[in-house]
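Position 24 (the sequence shown) corresponds to 915 in this note's numbering; numbering is contiguous.
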Amino acid sequence: MKNKLKTEKSNVTTMMEFVLLGFSDIPSMQWLLFGIFLVIYLTILMCNSIIILITKIDPALQTPMYFFLSNFSFLEICYVTVTIPRMLMDLLSQRGNISLLACATQMFFVLTFGGSECLLLTVMAYDRYMAIFSPLHYTVVMSQKVCVQLVIASWVSAVPVVIWQTWQIFSLPFCGSNAINHFFCDLPPLLKLACGDTFVSEVILYGSAVVYIIIPFLLIVASYGKIISNILKLSSARGKAKAFSTCSSHLIVVILFYGTATITYLQPKPNESEGIGKLISLFYTVFTPTLNPIIYTLRNKDIMVALKKLLSHYNDSNT
């Protein structure tokens, strides 16, 4: 009995790395997936960088809404950079070995940027609410100082909770298999590998999900409920169309991001499917950030006008 306990203890303490299985179940498609994800990553970098650029240089876009949008675009770049380059490296080398420190670091940044995105989307909804319900006081309420404070709060508010959450997870003993059936270090698959008491970690997981997903989502829903009811009262069809076009892009992004994040972090543990969980994670960490700049540009006339002006200026300078 003592020898058995000693062996188990040795297995727990000597595990110094994990193996991210990623897409190893479809080895024939590794190079194809590498090419697809590389193109997606470069597209995300390029599209979001263009949004940041035009919102900085175009005078017509020097408003709180586009200030928040440029910060959201920068956050998206940070968010995908935490996961996609590592996934590309694993697809290229066909090895998914990752140290405990690297795994903890990746999880910390994924959760931090994810939580910041939830809060920033809520701030953007509040901005639209103030613009529609209090247009006369909008510039005073949403001053540059207030906007900067709201962005900083969105970026840093999640950090203390995520530090505690990361420490809690990696203080658990891991024994048995070190294979993570995922393409990045995320909470649900890591909890499956822990052989200690995971109750506290699960409580923190669900509690954090409520604070950073459910509450912000309910605030956004409440804001847009009032916004839509107010838009419907407008007598001008043109006014209704303009108000809806202003808000619809943000609402689509909210539904895409919160829908998949809720399924990932709030589904009951017994019902989790590793394959489906990986697919859902792929959607909100890769595909949604790819769609976001497209949604914001194609459905926003101001950005399209600014983009055309930028392209026109670029063409004139080259001729």
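All C-beta atoms in this analysis are idealised placements derived from N, C-alpha and C, irrespective of residue type, glycine included.
- [ ] In angstroms with no decimal places, state the Cα-to-Cα distance between residue 934 and residue 1088.
- [x] Along the sequence shown, one-based indexing puts residue 934 at 43. Along the sequence shown, one-based indexing puts residue 1088 at 197. Whole-angstrom Cα-Cα distance: 42 Å.
TODO: Closer than 7 Å by C-beta to residue 988: which residues in its own chain qualify, once you throw out the five before and the five after it? Chain order, please.
DONE: Locating residue 988 in the sequence shown gives position 97, counting from the first residue. 908, 910, listed in sequence order.
Task: Reduced DSSP category for residue 1022 - H, G, I as helix; E, B as strand; rest coil - done: One-based indexing of the sequence shown puts residue 1022 at position 131. When secondary structure is reduced to three states using DSSP, residue 1022 falls in the helix class.
Task: residue 1206 burial status per 10 Å Cβ neighbour count (16 or more: buried) - done: On the sequence shown, residue 1206 is found 315 positions in, with the first residue counted as 1. It counts as exposed.
TODO: Report the rounded CA-to-CA distance for residue 1161 versus residue 1091, giving the unit in angstroms.
DONE: In the sequence shown, counting from the first residue as 1, residue 1161 sits at position 270. In the sequence shown, counting from the first residue as 1, residue 1091 sits at position 200. Caution is warranted here: a pLDDT of 42 is assigned to residue 1161, below 50, making its placement in the model unreliable, and the coordinate value is therefore given only provisionally. Roughly 17 Å separates the two Cα atoms.
- [ ] Please state whether DSSP places residue 1099 in a helix, a strand or coil.
- [x] In the sequence shown, counting from the first residue as 1, residue 1099 sits at position 208. Looking at residue 1099 - three-state DSSP - the assignment turns out to be helix.
TODO: Since I believe residue 1006 is in contact with residue 970 (beta carbons under 8 Å), could you give me their beta-carbon distance rounded to a whole number of angstroms?
DONE: Taking the sequence shown and counting its residues from 1, the one referred to as residue 970 is at position 79. Taking the sequence shown and counting its residues from 1, the one referred to as residue 1006 is at position 115. Residue 970 to residue 1006, Cβ: 11 Å. No contact.
Open item on the list: So if DSSP puts residue 909 in a beta bridge, which residue, or which two residues, is it bridged to?
Closed with: On the sequence shown, position 18 is the one that residue 909 refers to. In DSSP, residue 909 forms a bridge with 989.
Task: Residue nearest to residue 1095 in terms of C-alpha spacing, selected from 978, 1067, 918, 1049 - done: Counted from its first residue, the sequence shown places residue 1095 at position 204. Cα-wise, what sits closest to residue 1095 is 1049.
TODO: Return the Cβ separation of residue 978 and residue 913 in integer angstroms, given the expectation that the two are a contact with Cβ distance under 8 Å.
DONE: In the sequence shown, counting from the first residue as 1, residue 978 sits at position 87. In the sequence shown, counting from the first residue as 1, residue 913 sits at position 22. With 8 Å as the limit, residue 978 and residue 913 qualify as a contact, their Cβ atoms being about 6 Å apart.
Open item on the list: For residue 961, report the span of its alpha helix (DSSP H) as first-last.
Closed with: Walking along the sequence shown from the start, residue 961 turns up at place 70. Residue 961 -> alpha helix (DSSP H) spans 955-984.
Open item on the list: Given this structure, state the Cα-to-Cα distance separating residue 938 from residue 1067, to the nearest angstrom.
Closed with: The count along the sequence shown starts at 1 and reaches residue 938 at position 47. The count along the sequence shown starts at 1 and reaches residue 1067 at position 176. Cα to Cα, residue 938 sits roughly 43 Å from residue 1067.
- [ ] Check each candidate in 925, 954, 1009, 1063 and name the one with the smallest Cα separation from residue 1029.
- [x] On the sequence shown, residue 1029 is found 138 positions in, with the first residue counted as 1. Out of 925, 954, 1009, 1063, 954 has the C-alpha closest to the C-alpha of residue 1029.
- [ ] Kindly list the residues whose CB is nearer than 8 Å to the CB of residue 1059, restricted to its own chain and excluding five residues on each side of it in sequence; keep chain order.
- [x] If you number the sequence shown from 1, residue 1059 lands on position 168. Excluding residues within five positions, the ones whose Cβ falls inside 8 Å are 1091, 1092, 1095.
- [ ] Report yes or no: do the stretch 1184-1196 and the stretch 1135-1147 share at least 3 C-beta pairs separated by less than 8 Å?
- [x] yes
Task: Sub-8 Å separation of residue 1149 and residue 1108 beta-carbons - done: If you number the sequence shown from 1, residue 1149 lands on position 258. If you number the sequence shown from 1, residue 1108 lands on position 217. Going by C-beta atoms, residue 1149 is nearer than 8 Å to residue 1108.
TODO: Note down, in chain order, each residue of its chain lying with its Cβ closer than 7 Å to the Cβ of residue 1154, except the 5 sequence neighbours on either side.
DONE: In the sequence shown, the residue the question calls residue 1154 occupies position 263. Correct list, in chain order: 1171.
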